[in-house]
Each structure stands twice: as C-alpha cells, then as structure tokens.
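Participant:
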Amino acid sequence: MSMKYNFREVEPKWQTRWEAEKIFHAEDISDKPKFYGLVEFPYPSGAGMHVGHIKAYTGLEIVSRKRRMQGYNVLFPIGFDAFGLPAENYAIKTNQHPRVITDANIKHFSEQLKSVGFSFDWDRVVDTTDANYYKWTQWIFLKLFENGLAYRDKTLVNYCPHCKVVLSNEDSQGGKCDICHSDIIQKEKEVWYLRITKYADKLLEGLDQVDFPENIRAQEENWIGKSKGAFVNFSIAGTDETLRIYTTRPDTLFGVTFMVIAPEHPLIDKYADKISNIDAITAYREECQKKTEFERVNLVKEKTGVRIEGITAVNPVNGKEIPLFIADYVMMGYGTGAIMAVPAHDQRDYDFAKAFGLDIIEVIKGGDIEKEAYTGDGMMVNSDFLNGYTNKKDSIERMLEFLEEKGIGEAGVQYKMKDWAFNRQRYWGEPIPIIHCPNCGMVGVPYEELPLLLPEVENFKPGEDGESPLAKIESFVNCTCPKCGGAAKRETDTMPQWAGSSWYFLRYIDPKNDKALADPEKLKYWLPVDWYNGGMEHVTRHLIYSRFWHHFLYDIGVVPTFEPYAKRSAQGLVLGADGTKMSKSVGNVVDPVEVVNEFGADTLRTYVLFMGDYGASSPWSETSVRGCKRFLDRIARLADNLQDEDVKSLESGLHKTIKKVTNDIEDMKFNTGIASMMALLNDFEAAGKVGKDQYLTFVKLLTPFAPHLCEEIWEYLGQEGFISLAPWPEYDEAKTIDTTVEISVQVNGKPRDVLSIAVDADEETAKAAGLALPKIAKLTEGKRIVKVIYRPGKILNFVAK
RNA sequence: GCCGGCAUGGCGAAAUUGGCAGACGCAAGGGACUUAAAAUCCCUCGGAGUAACAUCCGUGCCGGUUCGAGUCCGGCUGCCGGCACCA
1207 MSMKYNFREV EPKWQTRWEA EKIFHAEDIS DKPKFYGLVE FPYPSGAGMH
1257 VGHIKAYTGL EIVSRKRRMQ GYNVLFPIGF DAFGLPAENY AIKTNQHPRV
1307 ITDANIKHFS EQLKSVGFSF DWDRVVDTTD ANYYKWTQWI FLKLFENGLA
1357 YRDKTLVNYC PHCKVVLSNE DSQGGKCDIC HSDIIQKEKE VWYLRITKYA
1407 DKLLEGLDQV DFPENIRAQE ENWIGKSKGA FVNFSIAGTD ETLRIYTTRP
1457 DTLFGVTFMV IAPEHPLIDK YADKISNIDA ITAYREECQK KTEFERVNLV
1507 KEKTGVRIEG ITAVNPVNGK EIPLFIADYV MMGYGTGAIM AVPAHDQRDY
1557 DFAKAFGLDI IEVIKGGDIE KEAYTGDGMM VNSDFLNGYT NKKDSIERML
1607 EFLEEKGIGE AGVQYKMKDW AFNRQRYWGE PIPIIHCPNC GMVGVPYEEL
1657 PLLLPEVENF KPGEDGESPL AKIESFVNCT CPKCGGAAKR ETDTMPQWAG
1707 SSWYFLRYID PKNDKALADP EKLKYWLPVD WYNGGMEHVT RHLIYSRFWH
1757 HFLYDIGVVP TFEPYAKRSA QGLVLGADGT KMSKSVGNVV DPVEVVNEFG
1807 ADTLRTYVLF MGDYGASSPW SETSVRGCKR FLDRIARLAD NLQDEDVKSL
1857 ESGLHKTIKK VTNDIEDMKF NTGIASMMAL LNDFEAAGKV GKDQYLTFVK
1907 LLTPFAPHLC EEIWEYLGQE GFISLAPWPE YDEAKTIDTT VEISVQVNGK
1957 PRDVLSIAVD ADEETAKAAG LALPKIAKLT EGKRIVKVIY RPGKILNFVA
2007 K
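Numbering-wise (the working numbering), the first sequence opens with residue 1207 and increments by one.
#1: Does DSSP put residue 1711 in a helix, in a strand, or in coil?
#2: Rounding to the nearest angstrom, what Cα-Cα distance links residue 1597 and residue 1700 in this structure?
#3: Which of the three DSSP states, helix, strand or coil, is assigned to residue 1934?
#4: Can you tell me which of 1317, 1331, 1296 and 1250 puts its alpha carbon nearest to the alpha carbon of residue 1285?
#5: In whole angstroms, give me the CA-to-CA distance for residue 1876 and residue 1717.
#6: Are the segment 1884 to 1893 and the segment 1843 to 1863 touching by the rule of at least three beta carbon pairs closer than 8 Å?
#7: Leaving aside the five residues before and after residue 1506 along the sequence, list all residues of the same chain whose C-beta is less than 7 Å from its C-beta, in chain order.
#8: Could you tell me whether the segment 1516 to 1533 touches the segment 1433 to 1451, using the rule of 3 or more Cβ pairs below 8 Å?
#9: Going by DSSP in three states, residue 1309 sits in which element: helix, strand or coil?
#10: DSSP three-state label for residue 1825, please.
#11: Could you check what DSSP says for residue 1642 in three-state terms: helix, strand or coil?
#12: What number of angstroms, rounded off, separates the C-alpha of residue 1544 from the C-alpha of residue 1662?
#13: Just to confirm the assignment, what range does the beta strand (DSSP E) spanning residue 1545 have?
#14: Would DSSP call residue 1255 helix, strand or coil?
#15: Would you call residue 1909 buried or exposed, if buried means 16 or more other Cβ atoms sit within 10 Å of its Cβ?
#16: So, for residue 1850: in the same chain, excluding its five sequence neighbours on each side, which residues have a beta-carbon less than 8 Å away from its beta-carbon?
#17: Report the rounded CA-to-CA distance for residue 1452 versus residue 1436, giving the unit in angstroms.
#18: Nearest to residue 1999 by alpha carbon, out of 1979, 1991 and 1972?
#19: Would a C-beta distance cut-off of 8 Å place residue 1729 and residue 1780 closer than the cut-off?
#20: Just how far apart, CA to CA, sit residue 1433 and residue 1357?
#21: Compute the Euclidean distance between the alpha carbons of residue 1633 and residue 1720, then round it to the nearest angstrom.
#22: One question on the structure: do residue 1296 and residue 1307 come within less than 8 Å of each other, judged by their Cβ atoms?
#23: Enumerate, from N- to C-terminal direction, the unbroken alpha helix (DSSP H) stretches of 4 or more residues contained entirely within the segment 1240 to 1302.
#24: Grab the span of the beta strand (DSSP E) containing residue 1329 for me, first residue to last.
#25: Less than 8 Å between the CB atoms is what I'm expecting for residue 1512 and residue 1531, so what's the real figure, rounded?
#26: Excluding five sequence neighbours on each side, which residues of the same chain lie with their C-beta closer than 6 Å to the C-beta of residue 1996?
#27: Kindly list the residues whose CB is nearer than 7 Å to the CB of residue 1575, restricted to its own chain and excluding five residues on each side of it in sequence; keep chain order.
#28: I need the straight-line Cα distance from residue 1652 to residue 1409, nearest angstrom please.
#29: Cβ-heavy atom distance between residue 1358 and the ligand ATP below 7 Å?
#30: Reducing DSSP to helix, strand and coil, say where residue 1653 ends up.
#31: What does residue 1771 pair with, by DSSP beta-bridge criteria?
#32: Under 6 Å Cβ to Cβ from residue 1341, same chain only, skipping five residues before and after it: list those, please.
#33: Taking 8 Å as the cut-off, decide whether the C-beta atoms of residue 1601 and residue 1457 are in contact.
#34: List the whole-angstrom C-beta distance separating residue 1911 from residue 1759, where the pair is believed to meet the contact cut-off of C-beta under 8 Å.
#35: To the nearest angstrom, report how far apart residue 1915 and residue 1842 are at their CA atoms.
#36: Would residue 1829 be called buried (16 or more neighbouring beta carbons within 10 Å of its own) or exposed?
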C-alpha cells in the first residue's frame, strides 16, 4: 500500500467529515482561552469570489487553525453583507426580486468558500438582509435616534445623479461616486445624518488602546483631521452682526487684510439689501453651484471671487476696516464657512490678494513676501503686543489670552470628518424605523414592532425626484402615530450599505438571539475581537463606522468593551498575471474555483500566502502555483519513506522550523514560514529516511496551510481523530541552537573565508583558528594586525595594515 | 501641498540587535529515466573574469558614520496608497 494523494477525492472527503463532526464549532462560553478571529464578510456579488477574497480570508484562517491546535476556543465566523445597490440594479435589469438574486449569490459564495476548506463555524452565518438580523440594525438606529445621534438636516449633500442617491463623504471621496464612479454634484436636500463627529475625539483616543498598523492609524487620524486653533469674532461695520471665523494661526491676526466667506454663507441673504452689488454676487453663487466638487477643487487654479460692496468687516484686534469677499476657495462645510485672510502667511490668501490687488502685511519675519507667502517660523513684527515674539507656540498662547480677555474669541478645535449621511433613496436596504407625525414630529417605531419589514414592491426603480421606491407603497407609507394615534407617514428612505456591517461581529457571538442583539454574558466572553483582518479600502469607511457604533453601544451599556477590535491587519491585493489590478474588463481575473479544480484547495491556500509579503500586493503566477503543488506532492510521497526511529541529523532543523513557523504565523510572515518548511522538506529528502514522529510533527505544522492533505496523511499513518485538532508542536529552544557554526572571516571588513567553530569559542581560540586559514594567512602576511573584531557565532574580522 | 509606504537577480521574493546579500520558489539551460510525452530525479543559474580557482563589481542616486551598511544618519530621484483651496 502506498500513500495516494488525489486532491479531487481527498478534499471533498475531509470537508464533508469536518462538517459532519462540526469540529470548527465555537463554544458559546468555555473555560478554554478564547480567540476571536474576524475577516470582512463579503458582499455576495453576481460575479462570485475571486482569489483576492481567498487571500483575505486565508491569513486568519491559518491563525485560527493554529489557535485550535493550541487549545483555544476559536470563533472564526463568516456571513454576508448582502444589502446594496449592485443586487438592486441587477434586479431592475432582469426583473427579479433582489431577495432571489441575493439568495442565489449567497449560495454560490458559500459553495466557493467551502471548496477552499475554510474552518468557519457555519452554524453562525449571518445575513444582513435577514429580517431577524436587520431587526437589530433598526434597534441600534432607534437607540442612536433616542440619544440625539440620528437627526435630519437640510444641507448640501453629495448626490450621485447616476445612482440617484445621496452619498456620505466617505462614499464620495475624490468627488466620485463610490458605486459607479460618476462625478458627484452638490444638492440641497433634507437627509438623515448620524452624529459621528460627536465621537471624533473618542475615535482618536481609542487608537491608543488598539494594535493597528501605523498606516491604518495614520489614515484614520488623517480622515478625522483634528486641528487646534481659535474662533474669532469679527464684526460687520455699522451693525451688531458677528462674523465668526476659525483659524489655526490666531497669532497672525495683525496681518489680516481682508475676509472671505463661502458662496453658501448665510450672511449674504441676511444683508442682501445692504449689498450694492447683489446681482454680481448672486451670479457668482449660481456659477459655483454648477461646478462639481471635482471642478471646484481640482480644475480651478486661478482664485475667483467677488468683493461684497456695501459692507465691511472690522479686525477686532486693531479696529481696522477691511474688505469682505465671497469666493469658492472657502468651503461652507469646514470651520464656520468664513476666514480671516492673512496673505503674507497663507499661500491661498496670497494668491487671492495678488489677483485682487489687496494689501499684504508681513507679521512674521523670515520669508520674502514679494515672492510668496511665508509659512515658517520667525520673529513677530507689525503686531503690537506680539512684536518680538519668536516662538509660534508662545505667540499663539499670548493671542488666545488676549482674545479671551477681550471676549472676542476663544480656543477651539475643528475636524475634517463630517457627520455620516445615513440614508439612501433605494429599495434594497434596511427601512429606517421612523414615523413622521404632523402633531408629534418624528417618532421612533416602537421596539416591539421591530423588525419593520421591507415591503414587497413591483417596481424597484428610484423616482426621478430622488425618492425611494418605498414612497410609492401606500400601505407602507400610511400608518398611525405610536404616540398620539393620529394619521402619520413612514420614513421611506433606507439605510446605507454600511449599516449592517457596522455591528455584524457582535451578532456572530449570538446569531439566533431574539431577545437582544447578543447575550451580554456571551459578549463579555468573546469581546473584543482579538484580530481583525481586512482591506485598506475600508479604513475610512467600515472600520471607522463600526468603531463609532461600538463606542456608542459601549456608552449605552450594550457592549462590554470600548474598542471592538484589539488588533487589525490588512492583506495586499492579488494582482493579475500582468501586474495590474484584477478586473473583469481587462480579463485578468482568476477564479478560485478553477484553481481548486486544477490544482486543489491546499495548493491555492499555500500559494496565496507564499506569493509574497501578506500585506503587499503581488502578481498571480500560475507556474508558481505549480511550484506549491509540487511541494505538497513531495510531502505526500514522503509518507512511504519513513522509519520508526528519529533521524538524529534532522532534529535541529525540525526544531528550528517549528520555531520559525510558530512565530511567522503570529507575524503574518506566512511566505517565510512556508519557505522554511520547503527547506526542511529538502533536508528530509536528502536524508533518505525520516523518522515517523518527525514527519508527523512536520505535517502538523503544515496542517493550517494544507489541511486536507494533512488529514489524509494522518489517517494513512493510522493516527486517531483529526489532525486539525491535534496539539500544535512545541519546540525545544536548546535544540534550535547550533553548537558549531560557520562564521564569516573578514580582513578589513571584506568577507574572505568561512570558519567552522564552536558557537561559544573565546576570542583567542577564534583568532588563532582564523589566522590558521590559508587564505587569511596569505592576506595578512607581512601586515600588522591592528585590531580584531570577534562576535561569537557571527563574525571574525582582522583589521590589518 | 500634507500623511503613510516602497525601491534587492530574468521573475515572485528572503536577510533578529548593522555581521557570508539573494534563503525559498518560479522561469531558463544542461543531463538522467522513458519508444515518446507527462511526471520524477540530478547539475548550473546576479554581472564581469578564469580551463578551473583567484580577483573585481553589485541591494534606485549622491554623501556620511563604522572594522563592517540592503539595514543607521543627511540630501535627492522614482513609484504605490490615502487625504487635499481643511483656513
């Protein structure tokens, strides 16, 4: 009898057994240490999964499998983030219900995932479009609403004319729609917001409590964009009006020569009758409105604007009257929508001043304001009581004291992050559980009436007016007010795609609970998520949204931890064989199922981790896939070349490999872990025979990577149970240390020969042995040895003159 | 402009605290086995140089620190990702 490794038979065989015996089942609560590994659940698209998904999941799949073998109670779940526009658009195109499409896609995705042999606990699958799930999404929304964190506001919103939906800032980064990549336009509309800005500081503070890589941390901090500065009240001459501005440089107040307000600033309407050139200003405002966000930010190099005639502002620190402008380089959405302009020390103000022939007053020495604005440090001048200050921090502090003393301003902070636009005028999303009552205003749907079910409709198309398809369903819209019992109307917008994913990791902990989103005891046991892996593209969307919801749920006592994720990592992309991003239109997408069919799941799993640094992008190579297949085939063949006794010469290498693989998995350095197993296999083969126990230890190390093959070998060699549940190998540190090592022998820092020497040999011994080497003797002949540098086990260097 | 990252053979990539650059794999070339192919096994494989050694050069560029630099420091260049008239 000999070991046969036909992956097409072996892989389904073990997948069936694992599922039948539920060996990847997580205990709700247990005495064992717990490990909660989380991967970003997929959006079940019609296209199916591609190999990028496989790489994204395989990282923590390896960690989770290792943890089980180490005796942990492991929660490694999967689910589907299934609400969203692609399914709805496909529904409109093919005239099928999104439910039907979504169910088919989930089925397809599940089959694909199972064919790769992931060790998910399939009893805990969540589907965000399941009413038993979105009941709790709605429940959280009502809690947010009750706590003043969900509100409606009529403001300028990002609107995608193609998708006919309002988008959040996060969904319209770079002025493009995240779904269809069309240009976003600004539109005034009354929409729902979640007050994420109230949590800006907590979202920043929380970053100190978690283990996130530097780039992710920096991106989140950047997105939140906290800046420290001051609010200063300028007055409008001849009125008691206050024009409030935000600045990060209050120390430059004496250099203010004009002010600028955003085109949408309310001051214009308020003083329309005082403004003598109101027609010109109205025309400018209309022009700005027509520009897309993209044009306004990127295409307009020249500063444009109009002077507001008839009113002037007063600089509160020196009483000087200064002109007021309207210009689109000032944004209504940041600060107060108005700025004090210091052209000598801000390049934008400088450009504007040059274009309009305005005064430029230097208040900080050090630059050449004839040429450009100076933004560096220097001595204060032309600044009254600040003159002579040389330190920016001191002059800001002194100015803040002055402002507060006079009651004309105070220190303040600003954030770039804006509140989260939280509704979509579409069908395939969670209905927002709010009732509009003419008497009581907005009233939450009573908790006992949740879930508020998505009604059946005939036509999923959104209205041209930007109205949700739900608005056409009278039986849904018309209702009675829960408060006063009078006739009322339901909110018809639905929640955005990111709602369901903002808390899904909580539901995995207790997926079937109908009393609470999850049992508090179970939450206490499992939270926080120990390790969360996902894509970089979610850092300023899903990751920040879900942290916000979790902070809120912590504040209202629903979850036991402040931060949801103790550790976060990110996988790099799998690029096409041509080195570009995989895309349907280029035709370089690799289907994981085809790889499984041709090479096997174990080969696919091993390859996506072996291809390079886990966090970096690297191109697909089918020939390299074959290389991984060869590696697994060679391991299988070795099962027939064993002996009972251990082979002494392999012992050290085996222990080194256990150590290397054990540590590399923790650091997500899977590529070098696999490389060390390949190197050990080379040694095994070179040795001719291998001890059976040594071989089985090796196979255990490989189990997380190639579990099907390893189970087969385990069974073939007559072992009990599943290798997936066998104890993880331990290494003996003493056996990983060599007693004799080869060290480099250098002359004047150049490697000239190698010396085999005891690792703990003293300098005298090493020096004598080194000089005895013919090559070294020749090179040092007739020269004086000035210095000897010896690092035991590393290097011996003779400095010779 | 600001923030983060990267730059090593023909290719994907390795290289604890600075210590034999290129582990591991792919591709390529040569050979064995075979009627043949596939599969498998063996050898070579950064460049120049040599019969073979020796030797010299080599981690984006310029400079520095050091006995010794892919690694540390200063100054660049190029590429990738994120943000961006953010006051």
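A virtual CB, placed ideally from N, CA and C, is assigned to each residue, including glycine.
Facilitator: This is what the structure gives:
#1: Residue 1711 falls in the helix class under three-state DSSP.
#2: Approximately 53 Å, taken between the alpha carbons.
#3: Three-state DSSP puts residue 1934 in coil, outside helix and strand.
#4: Ranked by how close their Cα comes to the Cα of residue 1285, the residues 1317, 1331, 1296 and 1250 have 1331 in first place.
#5: Taken atom to atom, the span from the alpha-carbon of residue 1876 to that of residue 1717 is near 32 Å.
#6: Because the criterion of three Cβ pairs below 8 Å is met, the segment 1884 to 1893 and the segment 1843 to 1863 touch.
#7: Residue placement at residue 1506 is poorly supported in this model, since its pLDDT is 49, which falls under 50; the coordinates still yield a value, given next. The answer is none, since no qualifying residue turns up.
#8: Note that the segment 1516 to 1533 touches the segment 1433 to 1451; at least 3 beta-carbon pairs, one per stretch, sit closer than 8 Å.
#9: Residue state, collapsed to three classes: helix.
#10: Looking at residue 1825 - three-state DSSP - the assignment turns out to be strand.
#11: Correct three-state label for residue 1642: strand.
#12: The alpha-carbon atoms of residue 1544 and residue 1662 are separated by roughly 48 Å.
#13: Looking at the DSSP string, the run of the beta strand (DSSP E) that includes residue 1545 is 1544 to 1547.
#14: Collapsing the DSSP output to three states places residue 1255 in coil.
#15: The residue is buried, with at least 16 neighbouring Cβ atoms inside 10 Å.
#16: Correct list, in chain order: 1897 and 1898.
#17: The C-alpha of residue 1436 is placed about 6 Å away from the C-alpha of residue 1452.
#18: That would be 1972, whose Cα lies nearest to the Cα of residue 1999.
#19: No, they are not a contact pair.
#20: In a straight line, the C-alpha of residue 1433 is about 25 Å away from that of residue 1357.
#21: C-alpha separation (whole angstroms): 25 Å.
#22: Yes. Within cutoff.
#23: You should have 1257 to 1275 and 1291 to 1300.
#24: From DSSP, residue 1329 is part of no beta strand (DSSP E); its letter is neither H nor E.
#25: Confirmed, Cβ separation roughly 7 Å.
#26: Beyond the five residues adjoining it in sequence on each side, residue 1996 comes within less than 6 Å, by CB distance, of 1969, 1972 and 2002 in the same chain, given in chain order.
#27: 1550, 1566 and 1568, listed in sequence order.
#28: Rounded to whole angstroms, residue 1652 to residue 1409 spans 30 Å at the Cα level.
#29: As presented, the structure is devoid of all ligands, the ligand ATP included, so that no description of it is given.
#30: Note: residue 1653 maps to helix in three-state DSSP.
#31: Paired residue(s): 1735.
#32: 1656 and 1657, listed in sequence order.
#33: In terms of Cβ geometry, residue 1601 and residue 1457 form a close pair [threshold 8 Å].
#34: Going by Cβ atoms, the distance from residue 1911 to residue 1759 rounds to 37 Å, so no, they are not a contact pair.
#35: Distance between the alpha carbons of residue 1915 and residue 1842: 8 Å.
#36: It is exposed - the Cβ of residue 1829 has fewer than 16 other Cβ atoms within 10 Å.
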